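Colleague: For the sequence shown, the working numbering begins at 1353 and goes up steadily by one.
Dumping the structure here so I can ask a few things about it.
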Amino acid sequence: MNAMAYSTALSQGISILLYVHTYTEKNCLNYLSTKVISEQLNIPVPTTVKVIRNLNNAKLTMAKEGAKGGILLAQPLSEITMLDVFLAVEPGKDLFKIHTDVTLQGQDVDDVKQKVIHHLEGAEIAMQNYLKDIRLTDLLHEEKKG
């Protein structure tokens, strides 16, 4: 069994949303370019584009093309949870990749495999329940306190 199968896209998506919120609020700008986001967050442009595409598809951001284009938040930051971002950037991926291709056979082996799958699925559900209770604004407020 492999360890966690997720990429860095979750933390990148969160960073992008927090940066867009903070920058556009502070500077009264509507749209922030992908190039600026990429440079300021030190995320390669192709990766930034991919993450933003996923955020757009999930309707967390809106994009505008052209010289004055870029992205902006599609909803208030206070309404976006870490689970929303997770589901946007890791669509349809299981948390755990499970090794089940074993030579051993029999009911005992099948029972163990099913128990492993059951417990790992439970861990994934617990993680999702945890993430749905954290709003991105909570992250900003925690940083200011620290």
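Glycine included, every Cβ here is placed at the ideal spot set by N, Cα and C.
Small disclaimer: the values here were computed from a predicted structure and weren't measured.
How would you label Asp1462, buried or exposed, when you count the other beta carbons within 10 angstroms and need 16 or more for buried?
Modeller: Exposed, because fewer than 16 other Cβ atoms sit within 10 Å of the Cβ of Asp1462.
Colleague: Between which two residues does the beta strand (DSSP E) containing Lys1416 stretch?
Modeller: It spans Thr1413 to Lys1416 - the beta strand (DSSP E) in which Lys1416 sits, taken as one unbroken run.
Colleague: Grab me the residues of Leu1492's own chain with a C-beta within less than 7 angstroms of its C-beta, minus the 5 sequence neighbours each way, in chain order.
Modeller: Taken in chain order, the residues that qualify are Leu1370.
Colleague: Spatial neighbours of Val1403 within its chain, please: CB distance less than 8 angstroms, with the 5 preceding and 5 following residues excluded, ordered by chain position.
Modeller: The residues are Ala1361, Gln1364, Gly1365, Ile1368, Ile1395 and Val1441.
Colleague: Write down the C-beta distance between Lys1411 and Ala1426 rounded to the nearest angstrom, noting that I regard them as a contact closer than 8 angstroms.
Modeller: Contact flag correct, Cβ pair sits at about 5 angstroms.
Colleague: What did DSSP end up calling Thr1433 once you bin it into helix, strand or coil?
Modeller: Of the three classes helix, strand and coil, the one that applies to Thr1433 here is strand, per DSSP.
Colleague: In or out: His1470 buried (at least 16 other Cβ within 10 Å) or exposed?
Modeller: Its Cβ having fewer than 16 others within 10 Å, His1470 is exposed.
Colleague: Where does Leu1425 fall in DSSP's three states?
Modeller: Note: Leu1425 maps to strand in three-state DSSP.
Colleague: Buried or exposed: which applies to Leu1429, given that a residue is buried once 16 or more other Cβ atoms fall within 10 Å of its Cβ?
Modeller: Leu1429 comes out buried.
Colleague: Span of the alpha helix (DSSP H) holding Thr1376?
Modeller: Taken as a continuous stretch (DSSP letters only), the alpha helix (DSSP H) holding Thr1376 covers Ala1361 to Asn1379.
Colleague: Alpha carbons only, please: which of Gln1392, Lys1387 and Leu1439 is nearest the one belonging to Asn1408?
Modeller: Ranking the options by Cα distance to Asn1408, first place goes to Leu1439.
Colleague: Would Ile1423 pass as a contact of Leu1384 if the rule is Cβ separation under 8 angstroms?
Modeller: For Ile1423 and Leu1384, yes; Cβs fall inside 8 angstroms.
Colleague: Note down, in chain order, each residue of its chain lying with its Cβ closer than 6 angstroms to the Cβ of Lys1416, except the 5 sequence neighbours on either side.
Modeller: Closer than 6 angstroms at the Cβ level, and outside the excluded window around Lys1416, lie Tyr1383.
Colleague: Within this structure, are the beta carbons of Thr1386 and Val1372 separated by less than 8 angstroms?
Modeller: Their beta carbons are not under 8 angstroms apart, which means Thr1386 does not touch Val1372 by this criterion.
Colleague: Contact check, Leu1447 vs Met1479 under 8 angstroms by CB: the rounded distance?
Modeller: Confirmed, about 7 angstroms.
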